[in-house]
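I have placed the structure first, in the form of structure tokens, so that the comments after it can refer back to it.
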Amino acid sequence: MSTAGTSDIHLIAADELESTVREIFTAAGCSTDEAGLIARELLGANLAGHDSHGVVRVPLYVDWMRQGYVLAGQEAQVVTDGGAFVVLDGNRGFGQTIAAQAVALGVERAQASGSCIVALRNAGHIGRVGAYAETALAAGLISIHFVNVAGSPLVAPFGAVERRFSTAPFAVGLPLPERPVVLDFATSLVAEGKVQVASYGGRQLPADALIAPDGTTSSDPHVLYGDYGPTDLRQPGGGDGAIRAFGDHKGSGLALMCELLAGAFTGGGCAGPLDGPRKGITNGALSIYLSPAHFGTQAEFERIAREYLDWVLAARPADPAAPVLAPGEPEAAMRTARLAEGVPLPANTWGAIRRTAEALGVTL
Ligand code: NAD
């Protein structure tokens with residue numbers, strides 16, 4: 020590990036960080052395969068530049084495991100199998116394990132018969148949703164994912180100051196040769212993990228990301244978490260404010276649809292209301308997989324989409340130094356850079372991981 024330009028940012032080589040996280044989850048009670056999968060996905064989020072869904076989550080995941088909110092060694096169970104559609108229950112297993120199983124099933128069926136819809140409920144936190152869209156596009160498939168977080172009201176609907184939605188992410192992946200497109204975002208103005216990252220001293224939030232009960236907007240993570248020490252776990256139930264939904268009434272409407280499709284339609288539950296204190300969270304997802312090869316439009320799709328995308332990206336930029344990008348390009352560029360240079364972690368994030376490791380007897 021080396022220390023980067025400022026004394027409170029550590030630069031850690033990707034493989035070193037991955038093996039540290041793998042050791043922590045093995046020590047916490049996961050099989051080596053499952054610990055490896057969790058480590059790979061968390062590191063993958065950091066490599067993509069989404070530190071909010073990377074190793075910053077390690078202390079919280081271990082804490083959830085200790086409290087029985089997330090379970091090691093689970094398999095997704097089939098609740099309904101309609102051939103072209105499947106309902107799966109994740110049994111509160113690790114999201115990385117359960118989502119990988121759900122995606123594998125959707126991909127296998129769409130490759131066999133052209134499309135498949137997978138309704139997943141009760142998965143532990145599945146992390147960066149774009150990772151699952153990337154798996155599907157590597158298999159030649161379009162995928163669309165409406166996701167919610169059951170038991171995690173954090174986001175104020177348009178026009179409100181109280182929490183009603185989860186950060187309910189939405190993702191689409193398109194398998195265009197040489198230029199795959201992956202759109203993947205939380206329907207909140209910032210993902211909750213970005214509030215965590217800011218609270219540990221990482222990148223600060225936009226000034227209007229949060230809203231206090233009196234209606235004033237804020238970038239202060241205390242609005243969401245209440246009081247906390249530098250390396251304490253962040254408790255979303257601790258504060259009395261909310262994250263704001265993105266895109267005014269339109270983003271708020273998309274968040275509502277994610278809740279209703281991923282939470283209500285799958286049967287896994289919406290963000291709230293909570294009938295007591297928070298007891299961990301689960302992700303629900305409604306995922307649609309489409310095979311352009313089966314639809315018979317693959318050649319047109321690839322040609323028209325490519326021509327159109329080239330035209331879109333050739334639009335004259337407002338700032339000549341900032342070219343117009345396609346969704347997925349920032350993540351791909353960040354992955355290349357961080358694999359070469361290492362992953363920057365705020366000292367408090369690294370301190371919290373170190374503390375978690377030491378408590379499990381893992382020497383870093
Ligand atoms: P974000 O605001 O950084 O937006 C990311 C999206 O915008 C990507 O598709 C990216 O390629 C695109 N993008 C970014 N800059 C761009 C530019 N200049 N031009 C064109 N496109 C650009 O993401 P976010 O809302 O902070 O979400 C972060 C992550 O959090 C996502 O991976 C999401 O899946 C994840 N998340 C997961 C959960 C969960 O419960 N599992 C909940 C919320 C969010």
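To convert, note that position 216 of the sequence shown is 235 in the numbering used here; the numbers rise steadily by one, no gaps.
Virtual Cβ for every residue (Gly too), placed ideally from N, Cα, C.
Just so you know, these numbers come straight off a predicted model, no measurement behind them.
Nearest to residue i (by Cα), restricted to the options the options
i, options, result
"Val166", "Ala138, Ala337 and Gly192", "Ala138"
"Gln317", "Phe189, Arg128, Thr116 and Leu193", "Leu193"
"Glu60", "Thr154, Ala95, Ala129 and Gly133", "Thr154"
"Tyr151", "Thr236, Leu195 and His164", "His164"
"Pro6", "Ala169, Gly266, Thr51 and Asp233", "Absent from the model: residue 6. The displayed extent of the chain is 20 to 383, so no value can be given."
"Tyr68", "Gly149, Pro292, Gly102 and Gln96", "The amino acid occupying residue 68 in the given sequence is Gly; Tyr does not appear at that position. Nearest C-alpha to Gly68: Gly149."
"Thr186", "Phe104, Thr285, Val343 and Ala281", "Ala281"
"Ala190", "Gly178, Phe184, Gly63 and Ala205", "Ala205"
"Tyr88", "Leu107, Gly114, Glu197 and Pro225", "Gly114"
"Asn302", "Arg253, His313 and Gly286", "Gly286"
"Gly112", "Val106, Trp83 and Asp100", "Trp83"
Residue i: CB within 8 angstroms of a non-hydrogen atom of the ligand FAD
i, result
"Gly170", "By its list of ligands, the structure shown excludes the ligand FAD, since it contains just the ligand NAD."
N-terminal and C-terminal residue of the alpha helix (DSSP H) that residue i is part of
i, result
"Ala312", "Pro311 to Phe314"
"Pro349", "Glu348 to Glu360"
"Ser209", "The identity of residue 209 in the sequence shown is Val, whereas the question assumes Ser. Segment: none, Val209 is in no alpha helix (DSSP H) and carries neither H nor E."
"Leu344", "No alpha helix (DSSP H) holds Leu344; DSSP gives it neither H nor E."
Residue range of the unbroken beta strand (DSSP E) whose run includes residue i
i, result
"Arg140", "Ser134 to Ala142"
"Gly192", "Pro188 to Leu193"
"Asp203", "Val200 to Ala205"
"Arg263", "Ala261 to Arg263"
"Asn161", "It should be pointed out that residue 161 corresponds to Ile in this sequence rather than to Asn. That run of the beta strand (DSSP E) goes Ile161 to Ala169."
"Ile28", "Ile28 to Ile31"
Under 9 angstroms between C-beta atoms of residue i and residue j
i, j, result
"Thr250", "Asn367", "yes"
"Tyr327", "Ala129", "no"
"Tyr80", "Ile117", "no"
"Val362", "Ile31", "yes"
"Gln86", "Lys298", "yes"
"Ala169", "Ile136", "no"
"Ser132", "Leu173", "no"
"Val74", "Leu379", "no"
"Gly48", "Ala95", "no"
Euclidean distance between Cα positions of residue i and residue j
i, j, result
"Leu383", "Glu377", "8 angstroms"
"Arg357", "Leu66", "6 angstroms"
"Leu124", "Ala54", "21 angstroms"
"Val122", "His144", "15 angstroms"
"Pro342", "Val77", "35 angstroms"
"Ser21", "Met353", "Confidence at Ser21 is low in this model, with a pLDDT of 44, below 50, so its placement is unreliable and the value that follows should be read with caution. Answer to the nearest angstrom: the Cα atoms are 19 angstroms apart."
"Pro255", "Leu243", "6 angstroms"
Next on the checklist: As an exercise, report each continuous beta strand (DSSP E) stretch of at least 3 residues that is fully enclosed by the stretch 84-151, in chain order.
Outcome noted: 96-100, 104-108 and 134-142
Next on the checklist: If we require 4 or more residues per run, which alpha helix (DSSP H) segments fall completely within the stretch 264-298?
Outcome noted: You should have 267-277.
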